[in-house]
Every structure is written in C-alpha cells, then in structure tokens.
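**Student:** Basically the working numbering = 1-based index in the sequence shown + 20. Even glycine gets a Cβ: it sits at the ideal position worked out from N, Cα and C. These numbers were taken from a predicted model, which means no experiment stands behind them.
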Amino acid sequence: MDLPEISDRLEAADVLTRYTRAIDTGDWDLLDTVFTPDAQIDYTASGGIAAGYAEVKPWLAEVLPAFFLRRMHMLGQVETRLEGDTATTTAYFHNPMVMSDGAGGEKVVELGGIYHHRLVRTAEGWRSRHLHEEIVWRRGL
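1. Which residue comes first and which comes last in the alpha helix (DSSP H) that contains residue 27?
2. Under three-state DSSP, which class holds residue 75?
3. For residue 153, does the count of other Cβ atoms within 10 angstroms reach 16, so buried, or fall short, so exposed?
4. Within 10 angstroms of its Cβ, does residue 146 collect 16 or more other Cβ (buried), or is it exposed?
5. Determine the burial state of residue 109: buried for a count of at least 16 other Cβ atoms within 10 Å of its Cβ, exposed for fewer.
6. Is it true that the CB of residue 42 sits closer than 9 Å to the CB of residue 100?
7. Which value, in whole angstroms, describes the spacing of the CA atoms of residue 128 and residue 118?
8. If the criterion is Cβ atoms closer than 9 Å, does the pair residue 59 and residue 72 meet it?
9. What residue does the beta strand (DSSP E) around residue 107 start on, and which one ends it?
10. In whole angstroms, what separates the C-alpha of residue 132 from that of residue 144?
11. Is there a C-beta anywhere in chain B that falls below 9 Å from the one on residue 33?
12. Just tell me which of 151, 123, 115, 120 has its CA closest to the CA of residue 158.
13. Could you pull the start and end residues of the beta strand (DSSP E) that residue 157 belongs to?
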C-alpha cells in the first residue's frame, strides 16, 4: 500500500465515523459531510424509508429521536475497495438504542448488520453516494 491509498482508506473510515456520530448525537447537519447531495439511502431493512438524501435527512431528525431516546453505534470489520475516485466500503455494525418500554420505563433494543456504502471522491473529500443498510439480526424489537 502506498501513502495515497492509506490516506484514502483512512478518509473512507472517517466517513463512517462521522455517519455514526451524527446519528448517535442527533447532529443532523454533520450528515452533510457524509453524503453527496444526490445520495440515495435505503433503510427499508430496518423498517425505514428508501429515498434521496434531501428526504432522508429530515426524516431521520424526526423519526429517530421520537422512537429512540439514546443511540450508540459500534463499527467493526471495515473493508474498503478503492477504484480510482470511487470506493465500496462495507462495515459491520452493532447499534443498541434506548426506547420507552410503554410503561414509564426504558428498554434497550439492538440491531446488528452491515452498512454498504458507495463512496466518491469530491472536492470536499470522500462522501457516500449510496448507503444500503442490511440488517442481519435484531433484539428487543
């Protein structure tokens, strides 16, 4: 591996980190540094929507806090395949979230799966042009 490839791999990993931090903290504008304006995002495997970024961003800001009081991602086994100014990045995730139990308390629900990103190099750095969330397992939902 040469230095440009190492740099590209680190930058691709940073896209994933910014994505999970934005989702977990509710910093929805941080997603602007993750996705291209024309990105397509598919959350249908977890019961969400599939749409363009302009529609998904406000949907996330409305839906996630309404259902999940707190969120926390763990990423692992990140694989990035570089092809010039594009890349395919796949990352395993574990996502426990706290929600109301309907009786005045809280319960933890969990999703485990794989994020599939298609990245593109832009003037601002690497961005995701497509995200498909694959759910492998769920607990508590």
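**Tutor:** Per the coordinate set shown:
1. Stepping through the sequence shown from its first residue, residue 27 is reached at position 7. 23–45 is the span of the alpha helix (DSSP H), which, as asked, contains residue 27.
2. Stepping through the sequence shown from its first residue, residue 75 is reached at position 55. Looking at residue 75 - three-state DSSP - the assignment turns out to be helix.
3. As a working mapping, residue 153 is identified with position 133 in the sequence shown. With at least 16 other beta carbons inside 10 angstroms of its own, residue 153 counts as buried.
4. The residue given as residue 146 occupies position 126 in the sequence shown. By the neighbour-count rule (16 or more Cβ atoms within 10 Å), residue 146 is buried.
5. As a working mapping, residue 109 is identified with position 89 in the sequence shown. Residue 109 should be labelled buried.
6. Position 80 of the sequence shown, counted from the start, is the residue given in the question as residue 100. Position 22 of the sequence shown, counted from the start, is the residue given in the question as residue 42. With respect to residue 42, residue 100 sits apart: the two C-beta atoms are not nearer than 9 Å.
7. Taking the first residue of the sequence shown as 1, we reach residue 128 at position 108. Taking the first residue of the sequence shown as 1, we reach residue 118 at position 98. One alpha carbon belongs to residue 128, the other to residue 118, and they sit about 5 Å apart.
8. For this step, residue 59 is matched to residue 39 along the sequence shown. For this step, residue 72 is matched to residue 52 along the sequence shown. Their beta carbons are under 9 Å apart, which means residue 59 touches residue 72 by this criterion.
9. Looking up residue 107 in the sequence shown gives position 87. Segment 106–120, the beta strand (DSSP E) holding residue 107.
10. For the purposes of this step, residue 132 is identified with residue 112 of the sequence shown, where counting begins at 1. For the purposes of this step, residue 144 is identified with residue 124 of the sequence shown, where counting begins at 1. Answer to the nearest angstrom: the Cα atoms are 30 Å apart.
11. Of the protein chains in this structure there is only one, and it is not chain B.
12. Residue 158 sits at position 138 when you count from the first residue of the sequence shown. Residue 115 is the option with its Cα nearest to residue 158.
13. Walking along the sequence shown from the start, residue 157 turns up at place 137. Counting along the chain, the beta strand (DSSP E) containing residue 157 begins and ends at 145–159.
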